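Numbering of the sequence shown is given in the numbering used here, commencing with residue 11 and proceeding in unit increments. Note that CB positions come from ideal geometry on N, CA and C, so glycine has one too. Small disclaimer: the values here were computed from a predicted structure and weren't measured. Some notes on the structure that comes next.
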Amino acid sequence: AGRAPCVTGAPFQAVFLGGGTPSSLSPDNAALLLGTIRRCLPLANDYELTLEGRIRDVVPEKIETWLRGGVNRVSLGVQSFDTKVRRQVGRLDGEDEVLARLDLLHSYNGCATVVDLMFGLPDQTPAVWQHDLDTFARSGADGCDLYQLNVFEESALAAAIRNGNLSPAATTEEQGRLFLQGRETMQRYGFRRLSHCHWAKDNRERSLYNTLARSGCDLFPFGCGAGGHVGPLAGMLHRSLKGYGEMVRRGRKPFMVLSRQSPFAALEGRVQSQMEQCCFDLEGLIRLEPRLAGLRWLGSLWEGYGLWRNNGVRYQLTPAGEFWLVNMTQTLLESLAILLDAPQAPAGRPV
């Protein structure tokens, strides 16, 4: 892959080691992976290299390996600082330990430190959520992501709630209030909003990957279960580690699905990237594709509902619209497909 023209033709602006647990790699394996990335991928001189991880992996030997290997952003799935709330969702370290590990990573002064916080967790009252937000503000982290909890029907969390082992998660109405509480707290502290969910305390945190990934730019997938799109093609690599490994050993590309992107993928990327910034330039989109003039009725409808307001140049989402952003974006994409009579994307083919 490192010799392919599509890889060597332009520098990589961001690399994201995701899945939540890359920090579990031993120092030797992490060094091998990071060395391979820097050897095989042409990285931009201002690249962002994010490593996702768990708090308990934030130890000196691993931190030093990450920083030597070029990691300049570490994203940690804290979810909540509250010890009870954390342990109920499988996070074993208590609040004091979480803060100590964040301070340790911050003391190296070698990377942006970002924490994921979640609202709507069982027993996460408004007071607990406020404590989470205030604790982030005084912690050594450079930025945070505020995510809404989704309880999937077949998940262990859903089963624990059904069985009475955990309190219910927040209702949609309660989550709406928690969303506004988080938004208002970030603004009170003067933190800078990078996108819908992402906030920065300082200029060290850029959240570059998260912004680019929703802009329609080429996204190269590497590793078991990774998905992405390059040029006209979109694909998902095998999610089964066994199947992935067998195909690699046989010298075959480990695709589970490979399909052509919609011919309107660039327009779809434009919609998604703007909505991630809590705005939408409808008239600019219509100038690019006049058939999308049919979206004007939706613009007026949502303005009447108080989901966004036209500022004379574009629509700016209201706080209510920000809460419903995912639903609004999906509706815009579906409406775009109808107005352009876009063919449904093929399901792909096994490889």
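*In this structure, what does DSSP give as the bridge partners for His208?*
Asp155
*With a floor of 4 residues, list each alpha helix (DSSP H) that falls wholly inside the segment 280-354, ordered by position along the chain.*
292-298, 306-315, 329-333 and 335-349
_Other residues of its chain near Ala223: CB distance less than 7 Å, five sequence neighbours each side excluded_ = Leu229
*Going by the beta-carbon positions, is the gap between Glu62 and Leu218 smaller than 7 Å?*
no
*Quick one: residues in its chain with C-beta nearer than 8 Å to the C-beta of Tyr103, no 5 flanking neighbours on either side, listed in chain order?*
First, the residue type needs correcting, since residue 103 is Asp and not Tyr in the sequence shown. Ile65, Arg66, Arg96 and Arg111.
*In terms of alpha-carbon separation, which member of Gly45, Glu194, Arg216 and Leu176 lies closest to Gln23?*
Arg216
*Given a cut-off of 7 Å, decide if Val88 and Val125 are closer than it, judged by their beta-carbon atoms.*
yes
*Contact check, Gln225 vs Ser283 under 8 Å by CB: the rounded distance?*
In the sequence as presented, Gln is not what sits at residue 225; that position holds Ser. Ser225 to Ser283, Cβ: 4 Å. Contact.
*Cβ of Thr93 within 7 Å of Cβ of Glu105?*
yes
*Give the single residue among Val161, Cys234 and Gly245 whose Cα lies nearest to the Cα of Val258.*
Cys234
*Take the Cβ of Pro242 as the centre, count every other Cβ of all protein chains shown within 10 Å, and call the residue buried at 16 or more, exposed below.*
exposed
_Alpha carbons only, please: which of Asp133, Tyr315 and Trp209 is nearest the one belonging to Gly174?_
Asp133
*Using a Cβ-Cβ cut-off of 6 Å (strictly less than) and excluding sequence neighbours within five positions of Leu204, which residues of its own chain qualify?*
Ala210 and Ser217
*Taking Leu311 and Leu346 to be in contact with their CB atoms under 8 Å, please state how far apart those CB atoms are, rounded to whole angstroms.*
Going by Cβ atoms, the distance from Leu311 to Leu346 rounds to 16 Å, so no, they are not a contact pair.
*Between Leu114 and Met196, what straight-line distance do the alpha-carbon atoms span, to the nearest angstrom?*
24 Å
*Does the separation of the CB atoms of Phe129 and Leu167 fall below 7 Å?*
no
*Could you check how far apart the C-beta atoms of Trp139 and Gln98 are, in whole angstroms? I think they sit under 8 Å.*
Between Gln98 and Trp139 the Cβ distance is about 15 Å, and since that is not below 8 Å, they are no contact.
*Evaluate the contact criterion for the segment 321-330 versus the segment 275-282: three or more CB pairs, one atom per stretch, below 8 Å.*
no
*Inspect the beta-carbon positions of Ala236 and Ser269 and report whether they are closer than 7 Å.*
no
*Please classify Tyr315: is it buried, with 16 or more other beta-carbons within 10 angstroms of its beta-carbon, or exposed?*
exposed
*Kindly indicate the opening and closing residues of the beta strand (DSSP E) around His239.*
Gly237 to Val240
*Measuring alpha carbon to alpha carbon, tell me which of Leu42, Ser36 and Leu51 ends up nearest Lys72.*
Ser36
*Confirm, please, whether the CB-CB distance from Asp142 to Asp212 is below 7 Å.*
no
*Applying the criterion that 16 or more other CB atoms from any shown protein chain within 10 Å of the CB defines a buried residue, is Asn220 buried or exposed?*
buried
*On a CA-only basis, which of Val267, Leu86 and Phe162 is nearest Asp155? Give me that one, please.*
Leu86
*asked:* Does Cys16 pass the burial test, meaning 16 or more other C-beta atoms within 10 Å, or should it be called exposed?
replied: exposed
*Which residue comes first and which comes last in the beta strand (DSSP E) that contains Phe129?*
Ala122 to Phe129
*Alpha carbon to alpha carbon, what distance is there between Glu256 and Ser250?*
10 Å
_Distance check for His248 and Ser149, CA to CA, integer angstroms please._
38 Å
*Nearest-angstrom Cβ-Cβ length linking Gln326 and Cys288, presumed shorter than 8 Å*: 7 Å
*Alpha-carbon spacing of Leu5 relative to Thr181, whole angstroms*: This structure cannot settle anything about residue 5, because the visible part of the chain is limited to 11 through 361.
*Check whether the Cβ atoms of Phe274 and Leu350 lie closer than 7 Å to each other.*
yes
*List the residues that DSSP assigns as beta-bridge partners of Ala244.*
His239 and Ser269
*With DSSP collapsed to three states, give me the class of Glu62.*
strand
_Sequence-distant residues of its chain with Cβ nearer than 7 Å to Phe201 (five each side left out)_ = Trp209, Ala210 and Lys211
*Quick one: what's Ala24 bridged to in DSSP?*
Glu58
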